[in-house]
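In the numbering used here, the protein residues as written are 103 to 288.
Since the structure comes first, as structure tokens, the remarks are kept for the end.
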Amino acid sequence: MEALEALTSRRSPAQFTEPAPADAELEAILKAAMRAPDHGKLKPWRFILLRGDARKRFGDVMAEAMKRREPEAPANMIEREREKPLRAPLIVVLAAALKEGHKIPVVEQLLAAGAAAQNVMLAAHALGFGAAWKTGAPAYDNYVKEALGLAPSDAIVGFLYLGTAAAAPAALPPSELANFVRAWPA
103 MEALEALTSR RSPAQFTEPA PADAELEAIL KAAMRAPDHG KLKPWRFILL RGDARKRFGD
163 VMAEAMKRRE PEAPANMIER EREKPLRAPL IVVLAAALKE GHKIPVVEQL LAAGAAAQNV
223 MLAAHALGFG AAWKTGAPAY DNYVKEALGL APSDAIVGFL YLGTAAAAPA ALPPSELANF
283 VRAWPA
């Protein structure tokens, strides 16, 4: 797939099915992620792979985290949280190991990890897979970070769901470029 075609045709599917990228495809996807812009060459990104039963165990972590955050949450809400990691055959948890007080500001370190996440999404699409970037409360929860082996100072940039799109994602309406671009000075 041509680069511009990948950039302009990528969409997040609503549902996933097997297969997920095989090991060689996943390696290519992660190598693409590591080519993201990285001011200071800090390589802040960390990739945690969840597949198979690890997704079920992570669902238990997410359910427990919700119970801790929201002690009054109803059982059906906790169960929905537990099921979230089962929505795709592979989850790449993309985290950023942030260096506070470094000459490269934390925001730039986060942006580098965000660019790595975008590269994961585009590389997966170029290889014929679907990808969706999720966050929500678990991404900011220290209990979840600890369960994943991350430090409280690390940031979870996203839970990247990967697999085969169960159906073609809906087309996005075209955006009028003029609504987003202006020359300066006006």
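Every residue gets a Cβ at the ideal spot worked out from N, C-alpha and C, and that includes glycine.
Residue closest to residue 151, alpha-carbon to alpha-carbon, out of 284, 282, 274 and 265: 265
Where in the segment 177-216 do unbroken runs of the alpha helix (DSSP H), each at least 4 residues long, occur, reported from the N-terminal end onward? If only uninterrupted alpha helix (DSSP H) runs of at least 4 residues are considered, those enclosed by the segment 177-216 are 177-185.
Hey, out of 165, 179, 185 and 215, whose CA is closest to residue 195's CA? Closest option to residue 195, Cα to Cα, is 215.
Endpoints, beta strand (DSSP E) assigned at residue 236: 232-236
Which residue wins for smallest C-alpha separation from residue 191, given the options 158, 219, 210 and 182? Ranking 158, 219, 210 and 182 by Cα distance to residue 191 puts 158 first.
Proximity winner among 278, 120 and 107, relative to residue 269 (alpha-carbon distances): 120
How would you label residue 227, buried or exposed, when you count the other beta carbons within 10 angstroms and need 16 or more for buried? buried
Around the Cβ of residue 103, are there at least 16 other Cβ atoms within 10 angstroms (buried) or fewer (exposed)? exposed
Exposure of residue 137, with buried meaning 16 or more beta-carbon neighbours within 10 Å: That one is exposed.
With residue 282 as the anchor, note down where its beta strand (DSSP E) starts and where it stops. Unbroken run through residue 282: none, as it is neither H nor E.
Residues near residue 183 in its chain [Cβ-Cβ closer than 7 angstroms; skip 5 each side]: 164, 165 and 168
Anyone know if the C-beta pair for residue 139 and residue 200 falls short of 9 angstroms? no
Does the distance from the CB of residue 144 to the CB of residue 193 come in under 9 angstroms? no
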